[in-house]
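For the sequence shown, this note's numbering begins at 6 and goes up steadily by one.
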Amino acid sequence: MVSGRRWVWVLAGGALLSFLAACDPPPPSQERVMRVAKGDNAMDEAIRKSSHQLDKPPAARFGIAPATLDFPSLDAGGSASRAVEVVNNGDLAAPLMRIHVAGQASAFHIGGDCVDGMEIGPGGHCAVLVTFLPRTAGPANAELVVVLGDAEGTRFVPLSGVGRGALPPPAQPAPNAEASLAFLRSRRSAGLALDGDPPVDPPGGGGVAAPDYTDAGLPGVVSGLPVDRRRVITADRYIPAVLESDIDSLLAGRAIAVVERNVYGADGRLALIPAGSRVIGAYRTNVKNGQARLEVAWSRIFRPDGATINIDDLGADVMGRSGLPGELDSRMVEKYGGSLLTSVVAAAGDWALGGDSTTVLSPFGGTSQSLSGKQRAANRLGNDLDGLGQRMIQDNIDTRPVLMVAAGTRLDIIPSEDIWLQDPRHLRPVTPPKAQSTAARRPDAVADLLPGLIELVAQNPGVARLAPQTTQQVMQSTLLQQLRDGNYSLPRPPAAGGNAP
């Protein structure tokens, strides 16, 4: 009975809850809010954005994975490989321009199916196989550079690894004894025998029959031995210089030039004549008509370090032609001006003093001319001026032209023989030490005259007739030769408190 009531109450409660749920109003629905730009150009801006999104062209977008490659530590000589994948995630095909390694490229090698210049379509991909090959111990760092054809351009993938130990050197192959022997034989047969090797006949028999071609009428010239030319200026070299002051050939004088550039030895390393060295020369006045070059003889070179070089060389222009070019003054006025003026004065005098002459008939039918006083004076003046003109011409006919060479003229000094420069590291003293020079000094003035007195007596005709053999023996004696050379010693006085020997 009680359980039946419980079921009744349960059913009544459920019905009441259902009724209450049906009577509740539905929840309000949320309204969708669309944001619209405000302003006068709001509609135009919305249209422009929509058209831009619709007109956007397709593009290629590449992706590279992984972004970095870190290799484990490897022994030198080992290898490890990793792959880097290149994927085109865009909607347009694009080329793969170039793939290379920058940095320590010797430790990383690349391969795989990614090739320079290949085209990767939308959704396509390729792989770059990177191999780490350590050669030495220590870290190795590089970058994989991938040049793409998309808008982003170039991608970089850092590469790193560590090498352990060192790679052993490759084993050298054993020398071939037969090949070495054949090589030495060919060298000896070609005249390139090693020092100490005996001469060997060439293959095929027939040794050397003659040392030269004299029998064939070709004596030839024997060459010199190789010479160290590091401190030698041979005669085929030029010394470039610049003239320091003006010179002219009116009077003989001295010329000074300055070396323009360093003059090196044969190896091109040691400056034998440095730039700035000064050169002294002389010129003469033997310039002839039409000669436009002045001959200068150079005699001495002063180096900046104080060393001097005595030479006997001629100067030339920068083209190697003998003599220095200059401006020629022929001196035509000095040579012919005085003579021309004398002739003009004589002609003017004749014209000014000229007079009428009178012709006289002689009783015998002849004629004679009688000159007036003015005419006689004119003739005398003309004769005197003619003589003066002749003397002036004779004095001025030997007037020589003057050749002037301006300062700053570039020139070359051509050595007439090889110039050997001493090495200052191997110099020997020229003057003997003070002790030696004092010991070598002759102690007595009488000893200086003794050889001459002996020769004078021995060469006396009377003595030569009386004892010719003795005279000859004296002249050829060793003692006289020692007296001439000063190689003698006089007895020294005994020391104080001692006995003479």
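Where a beta carbon is used, it is the ideal one built from N, C-alpha and C, also for glycine. Since we're looking at a predicted model, the values are computed, not measured.
In this structure residue 318 is buried. Its beta-carbon is surrounded by 16 or more other beta-carbon atoms within 10 angstroms. Here residue 313 carries a strand assignment [DSSP, helix/strand/coil]. Note: residue 93 is bridge-paired with 67 in the DSSP secondary-structure output.
Around the beta carbon of residue 311, fewer than 16 other beta carbons lie within 10 angstroms, which makes this residue exposed.
Counting only runs of at least 3 residues, the region 127-162 fully encloses the following beta strand (DSSP E) elements, listed from N- to C-terminal order: 130-137, 143-153. Taking 8 Å as the cut-off, the Cβ atoms of residue 289 and residue 307 do not count as close. Residue environment for residue 219: exposed (fewer than 16 other C-beta atoms within 10 angstroms of its C-beta).
Assigned with DSSP and collapsed to three states, residue 254 falls in coil, not helix or strand. Residue 304 is not bridged by DSSP to any residue. Cβ contact annotation for residue 153 (same chain, cutoff 6 Å, sequence separation greater than five): 67, in chain order.
DSSP, read as helix, strand or coil, puts residue 117 in strand.
Here the alpha carbon of residue 266 sits roughly 23 Å from the alpha carbon of residue 252. A straight line joining the alpha-carbon of residue 391 with that of residue 335 spans about 25 Å.
A buried status is given to residue 133, since no fewer than 16 other beta-carbon atoms sit within 10 Å of its beta-carbon. Under the three-pair Cβ rule at 8 Å, the region 318-334 counts as touching the region 292-308. Under DSSP, residue 458 shares a beta bridge with no residue.
In this structure, residue 78 lies near residue 169, with their beta-carbon atoms less than 8 Å apart. If you compare the alpha carbons of 303, 314, 256, 326 with that of residue 404, the shortest gap goes to 256.
In this structure, the CA atom of residue 287 is about 8 Å from the CA atom of residue 304.
Around the beta carbon of residue 339, a 10 Å sphere encloses fewer than 16 other beta carbons of the protein chains shown; the residue is thus reported as exposed. For residue 190, the secondary structure class from DSSP, reduced to helix, strand or coil, is helix. Distances from the alpha-carbon of residue 160 to those of 216, 73, 125, 135 put 73 closest.
Residues 247, 323 of the same chain have their beta carbon placed closer than 6 Å to that of residue 415, with the five preceding and five following residues left out of the count.
Inter-residue distance for residue 245 and residue 264 is about 6 Å (C-alpha atoms, whole angstroms).
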